[in-house]
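The letter at position 203 of the sequence shown is residue 218 when you use my numbering, and the numbering goes up by one with no holes.
Data first, discussion second: the structure below is written as structure tokens.
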Amino acid sequence: DALPICTALQEGPEFGDNMEIYAGRKNNWTGEFSARFLLKLPVDFSNIPTYLLKDPTIDPGEDVALLSVSFEDAEATQVFPKLYLSPRIEHALGGNSALHIPPFPSGGCLIDYVPQVCQLLTNKVQYIIQGYHRRREYIAAFLSHFGTGVVEYDAEGFTKLTLLLMWKDFCFLVHIDLPLYFPRDQPTLTFQSVYHFTSSGQLYQQIQKSYPYSPRWDGNEMAKRAKAYFKTYVPQFQEAAFANGKL
């Protein structure tokens, strides 16, 4: 079945000449057959935020995704797919463990499997692009809501924000870390007392990863909800800082 499948793929507008085929016998005595298809996937990487592609240790090269599918027998009972990403794209998507392609389905067909992997990778790229724009919106909203309380923020990737706030004469810092796949993944809040230290000399802190949050909220709503949460959480944080920290 391999020949009509690859003919259909080659004739498709997405692939055309972007496919190589290696076929032959693994064992001339038994007649065992193997075939490997190597396809350059038509995924657009041009809109990935440039800061993710600027790692100086990575050779830029061409931004490309290659899918290798090896058929180890003529009956297609042993099929091994593997996705290869160029270094910059792998880095931008969160490392080699960030993208798991599905196994080749039993009795499956290459012409169905390849578009499935393409769509998976395209969705991942869109998550990255959307996350960048949503993080920028989030930080803009916090700048608006907290004004001079903003100490610093990441103006390139919009991944970090630090606030210096006061509650009843108690000053504290809030460090906000926005994940690569924001808003799907929730930001981490780290509260630090500016007065209290741990036994190792670090500022006393508490980390919050679970608090009122919805990825459907816009940046303005997230800033308002965060401000309300700070007011309810800070009294217990202050109490813990006095109880466990050293002045």
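Note that beta-carbon positions come from the ideal geometry of N, C-alpha and C, so glycine has one too.
Note that the structure is predicted; figures quoted are calculated from it, not measured.
Are the Cβ atoms of residue i and residue j separated by less than 8 Å?
i	j	result
A256	H211	yes
V263	F187	Since the first and last residues shown for the chain are 16 and 262, residue 263 lies out of range.
G260	T213	yes
Y66	E236	no
S101	D127	no
E152	D233	yes
E105	F95	no
L82	V129	yes
L176	L56	no
Which first and last residues belong to the beta strand (DSSP E) in which residue i is found?
i	result
E167	V165 to Y168
Y301	An answer regarding residue 301 cannot be provided, because it is not within the stretch 16 to 262 covered by the chain.
I222	L218 to Q223
L176	K175 to W182
L68	No beta strand (DSSP E) contains L68, which DSSP labels as neither H nor E.
V209	T203 to F212
Which value, in whole angstroms, describes the spacing of the CA atoms of residue i and residue j?
i	j	result
R51	K239	54 Å
D241	T163	The identity of residue 241 in the sequence shown is Ala, whereas the question assumes Asp. Those two C-alpha atoms are separated by around 16 Å.
Q251	C124	58 Å
S229	L114	24 Å
I191	I222	10 Å
Q207	L193	17 Å
E35	L54	7 Å
L158	Y147	17 Å
L195	G109	8 Å
V84	L68	27 Å
I144	L262	44 Å
D169	K139	23 Å
G76	P198	30 Å
V189	R150	17 Å
F161	T72	37 Å
Y37	N111	25 Å
K246	S61	42 Å
P64	N33	26 Å
S215	A258	16 Å
Going by DSSP, what residue range makes up the alpha helix (DSSP H) through residue i?
i	result
T247	G234 to N259
Mind reading off the beta-carbon distance from residue i to residue j? Whole number of angstroms is fine, and I expect it under 8 Å.
i	j	result
P117	Q131	7 Å
Q253	K224	At roughly 20 Å, the Cβ-Cβ gap does not stay under 8 Å, so Q253 and K224 are not in contact.
Y244	Y226	5 Å
L180	V165	In fact, because the Cβ distance is near 10 Å, the residues do not count as touching under 8 Å.
Does any CB atom of chain B fall closer than 8 Å to the CB of residue i?
i	result
L180	Absent here is chain B; the protein component of the structure consists of one chain.
| Contained beta strand (DSSP E) runs [length at least 3] in the segment 73-138, N- to C-terminal order | With a minimum length of 3 residues, the unbroken runs of beta strand (DSSP E) contained wholly in the segment 73-138 fall at 80-86 and 94-100.
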